[in-house]
Each structure stands twice: as C-alpha cells, then as structure tokens.
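Colleague: Quick one: this structure, given as structure tokens, is what I'll be asking you about.
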Amino acid sequence: MRLRYSFRLYPSAGQRSVLARAFGCARVVYNDALRARETARSEGMPFPKTGDLSRQLITEAKNTPERAWLGEVSAVVLQQSLRDLDTAYKNFLDGLKGKRPRMGAPRYKSKRDTRQSARFTANARWSITTGGKLRLPKIGDLKVKWSRSLPSTPSTVTVVKDSAGRYFASFVVETGPEEVLPEAAPEVGIDLGLGHFAVLSDGTKIDSPRFLRRAEKRLKKAQRSLSRKEKGSSNRNKARVKVARAHARVADARREFHHQLSTQLIRENQAVAVEDLAVKGLARTRLAKSVHDAGWSAFVTMLEYKAARYGRTFVKIGRFEPTSQVCSACGVKDGPKPLNVRVWTCGACGTVLDRDINAAVNVAKAAGLAVTACGARVRPGLVPAPRSETGTHPKPQPVTTGRQAGISVL
293 MRLRYSFRLY PSAGQRSVLA RAFGCARVVY NDALRARETA RSEGMPFPKT GDLSRQLITE
353 AKNTPERAWL GEVSAVVLQQ SLRDLDTAYK NFLDGLKGKR PRMGAPRYKS KRDTRQSARF
413 TANARWSITT GGKLRLPKIG DLKVKWSRSL PSTPSTVTVV KDSAGRYFAS FVVETGPEEV
473 LPEAAPEVGI DLGLGHFAVL SDGTKIDSPR FLRRAEKRLK KAQRSLSRKE KGSSNRNKAR
533 VKVARAHARV ADARREFHHQ LSTQLIRENQ AVAVEDLAVK GLARTRLAKS VHDAGWSAFV
593 TMLEYKAARY GRTFVKIGRF EPTSQVCSAC GVKDGPKPLN VRVWTCGACG TVLDRDINAA
653 VNVAKAAGLA VTACGARVRP GLVPAPRSET GTHPKPQPVT TGRQAGISVL
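Dropping the structure here:
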C-alpha cells in the first residue's frame, strides 16, 4: 500500500523566497489551465488535453515576456500543477456520477491562500543527501527534522507551507507485506462517544481529551487580538499567524492522540469493529463543536489503513444497528432510551448493563467478532443529571436517543 510520511522543514530566508516563487508559479499554471478549459467549455469547444496545455502554458509561455519567470523553477512542479487540475476535474465528475461523495467544481487559486504546496516527482531528480538534507532542484538543500526512518525509497515529495507558516516535506512511499504483525487473540468492538472518546467491548473506557475545549481560552484571546487589527496591515497578518499556530497546536495534539490510540488497538487486537457514525449530521446540531473536537472520522480512517497495513481485520457496521437497545447478554431488544440513562437493567434476564460497554459489545457481535458480554456487567452507580437540569440551555430541548444520533454522550 502507499503511505505518506510528513517531516518538518526548516528552510533559510533565501530558500523561503525561492519556495514562494515555486508556489506562485505552480498556482499561475493551474489558474491558466483552468481558465483555458472553462473558456473552451463556455464557447462549446473541445476540452483541452493536458499535453496541449503543457505545451501552450509551460513550454511556449516561457518564451514570452509575460511568463518568462516560469523558467526560474523546476518544470516538474509546473507539470504536477496540471496533474492536480486533472485530479480536481476527475473528482468533480466522479461525484456527479455517484462514484464518490460530491465535490465542487475546480476553482481558481489565490495568492492569499494560507496553504501552498509544490510537488516533485522522480523526474525532478531530487534526493536526500548523506547529511540528511532534502536536495530539491533550483531550491537547494533543505534542513529536515527526521522523526523516523522511511520504510522504502519515496516516489514523490511535496513541500507544503501551512496556515501557521510551517514547512513540511511529505513523502509518498510503498510498503509491502513485511510489516504484517503476528496474530493476536483478542477481538474488540469500539463504541465512540463524547463523554468517553472510546469504550471497548472488554470494559475499557478511554477518556476524551477535549483538546479544543481546553485551548478555548487561548484561542479566544488570539482571535480577539486579530479582530482589532486593521485589514490589510502587517500587524493583522502577524495576528492571523498567531491564531493559525494556536489552532495548529490543537490539531497536532489531536492527531497524535489518534495515532497513538489507533496503533495500540491495532497491535493488541486481531480484529477491530466500529460503528459508521453520521458525523455530517451531528455536525449540524448543538453538539457540533464537541463532535469536531473528537475527530471520529480521522480516527476511524487511521484504524482502517493501519489494519490493512499490519494484517488485521477491520469491520464497520451500519449506523442503524440498535446497539444501545439490545441486551448484550440475552439479545432482547427493549427499545430506545434517553441519553441520561447510562446504566439500565434488562427486563428479560435481569442483567445490569453499562450503556456504553453494552453498545461496544453489540458492535463487536454485529461485526461477527468472538466476544462475550461479561464486560457489560457493572454495578449500579450514580446516574448523571439530564441535560435539562444542567442549566446549559435556557429553553427546553427535545430528548433524542443516543443510537439515533450514532453517539453516546453524558
């Protein structure tokens, strides 16, 4: 399978200027190609091919006074910019055909975009020096902070400048079956939620770090400072970078937590089952900030590709499985329950069940994993107060069931 490894770059002042030129040239070629195709479409002309655009917008444009500066950067960067436009059109058309989620039509790139990138393939003859630096054509040797070794020789490298002004080198590598882990006996079902980030079918509960909630005070201060600055001023740009860095710290912490937890689950279990959550629907409710803060989609994606990489089994069950309505001990379904019911007693067999652990066991059973319901047996404990009693919302809110929303919340 193909994987992407990212490492932090520390270019010098001169190299940052050269990289900015490469980003700008790639953007101009992209916009020129998009303009040519949109013009042809509006006039009813045939769709211009990539080869014709390359000859017209790169090779011939370098000989004109208006685009002579395109020759100051590697031609591979410009060619890859055209490939990016082809990919954008393909994704747009595949979305219209129903082959993938719908995406908007390609749009023009702005020089004010806070994220810039340039890609180099093997044809650019980039290399990693013996001193551990990244050598790029017409740019020079860039200092790289290597946090780990690459499993194989990379095929491409993309230099990315993010909103916080940081530079990264993103390598694409191929991995083989040599990374398959030895077989492990445990199989686990996972119930994702907000009160606890994840509850496992063996009874383990993993607290939600709530990275965004904990950083809200610092983010609020930075955002207020940004709002006071005059638009277009240098001080406003500095304040914008501070806000972007604050958000980057939150995103990095969340991503690190997802990587560590997903790797641990994949290494310790032979099979992992999760529920297909309606994240887009939940993102339109009053729980939107907490849902985005949890980052369930990114975590599930990590579980899926790591399971394929290390030879594990990954199963995703349907979002409409009644995992909170069925007793994991006897299998009797006794209907939906309000969110404030965290512990309940089965009316058929008398088993005292924890709502989240019971859901995790049912997730594993629905996926066909070999698990038991012993972990769902708990002592009766204190039940958290309903939301209507906490004073968060001044107006009465309708009570919905946790399984309808696809989550378990306190």
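Numbering (our numbering), first residue to last: 293 to 702. Positions of the beta carbon are idealized from the N, C-alpha and C atoms, including for glycine.
(1) In whole angstroms, give me the CA-to-CA distance for Phe460 and Arg547.
(2) Since Ala545 is in the beta strand (DSSP E), which residue starts that stretch and which ends it?
(3) In whole angstroms, what is the alpha-carbon distance linking Asp454 and Gln408?
(4) Name the two residues that bound the continuous beta strand (DSSP E) containing Ser298.
(5) In angstroms, rounded to a whole number, what distance separates the CA positions of Gly432 and Gly306?
(6) Which of helix, strand or coil does DSSP assign to Asp344?
(7) Please work out which residues of its chain come closer than 7 angstroms, Cβ to Cβ, to Leu326, disregarding the five sequence neighbours upstream and downstream, and give them in chain order.
(8) Just checking my contact of Leu301 with Val451 at CB under 8 angstroms: how many whole Å lie between their CB atoms?
(9) Considering Cα atoms alone, identify which of Ser419, Arg458, Lys425 is closest to Pro446.
(10) Using 8 angstroms as the Cβ pair cut-off and three pairs as the minimum, do the stretch 555-572 and the stretch 510-518 touch?
(11) If you count every other CB in all the chains shown that lies within 10 Å of the CB of Val592, and 16 or more means buried, which is it?
(12) According to DSSP, simplified to helix, strand and coil, what is Gly387?
(13) Which same chain residues, not among the five before or five after Ala353, have their C-beta less than 7 angstroms away from its C-beta?
(14) Per DSSP, what are the beta-bridge partners of Trp636 in this structure?
(15) Output yes or no for whether 9 angstroms exceeds the beta carbon distance between Lys625 and Gln617.
(16) Does the distance from the C-beta atom of Val369 to that of Ala410 stay below 9 angstroms?
(17) Would you mind working out which of Arg541, Gly623, Gly639, Ser493 sits nearest Glu508, comparing C-alpha positions?
(18) If you reduce the DSSP assignment to three classes, tell me which class Ser582 lands in.
(19) In its own chain, which residues sit with a C-beta less than 6 angstroms from the C-beta of Leu511, not counting the 5 before and 5 after it?
(20) Please check the pair Ala658 and Val491, which I expect to be a contact at CB under 8 angstroms, by giving their CB distance rounded to whole angstroms.
(21) Relative to the C-alpha of Lys629, which candidate in Gly623, Pro614, Gly642, Thr643 has its C-alpha closest?
(22) Only counting the same chain, and skipping five residues up and downstream in sequence, which positions put a Cβ closer than 8 angstroms to that of Leu385?
(23) On the DSSP bridge assignment, give the partners of Tyr602 in chain order.
(24) To the nearest angstrom, how far is the alpha carbon of Asp499 from that of Trp588?
(25) For the candidate residues Thr413, Gly481, Ala476, Lys430, whose alpha-carbon lies nearest to that of Ser373?
(26) Could you tell me if Gly396 is buried or exposed, where buried requires 16 or more neighbouring beta carbons within 10 angstroms of its beta carbon?
(27) Which first and last residues belong to the alpha helix (DSSP H) in which Asp324 is found?
(28) Which value, in whole angstroms, describes the spacing of the CA atoms of Met293 and Val436?
(29) Could you pull out every residue in the same chain whose Cβ sits closer than 7 angstroms to the Cβ of Gln594, ignoring the five residues on either side in sequence?
(30) Given a cut-off of 9 angstroms on the beta-carbon distance, is the pair Glu471 and Lys430 in contact?
(31) Specify the secondary structure class of Val675 as computed by DSSP and reduced to three states.
(32) Please identify the residue among Gln371, Asn527, Tyr602, Phe606 whose C-alpha is closest to the C-alpha of Ala565.
(33) Exposed or buried, Asn527, counting other C-beta atoms within 10 Å across all chains shown (16 or more means buried)?
Modeller: With the structure as the only source:
(1) 16 angstroms
(2) From DSSP, Ala545 is part of no beta strand (DSSP E) but of the alpha helix (DSSP H) over 526-560.
(3) 7 angstroms
(4) 294-302
(5) 10 angstroms
(6) helix
(7) Leu377, Pro398, Tyr400
(8) 7 angstroms
(9) Ser419
(10) no
(11) buried
(12) helix
(13) Arg359, Leu362
(14) Leu645
(15) yes
(16) yes
(17) Arg541
(18) helix
(19) Ala538
(20) With 8 angstroms as the limit, Ala658 and Val491 do not qualify as a contact, their Cβ atoms being about 15 angstroms apart.
(21) Pro614
(22) none
(23) Per DSSP, none; premise fails for Tyr602.
(24) 14 angstroms
(25) Thr413
(26) exposed
(27) 305-334
(28) 25 angstroms
(29) Before going further, note that residue 594 is Met rather than Gln in the sequence given. Around Met594: His550, His551, Ser554.
(30) no
(31) Summary for Val675: the model assigns pLDDT 37, below 50, so the residue's position carries little reliability, and this model does not support an answer.
(32) Phe606
(33) exposed
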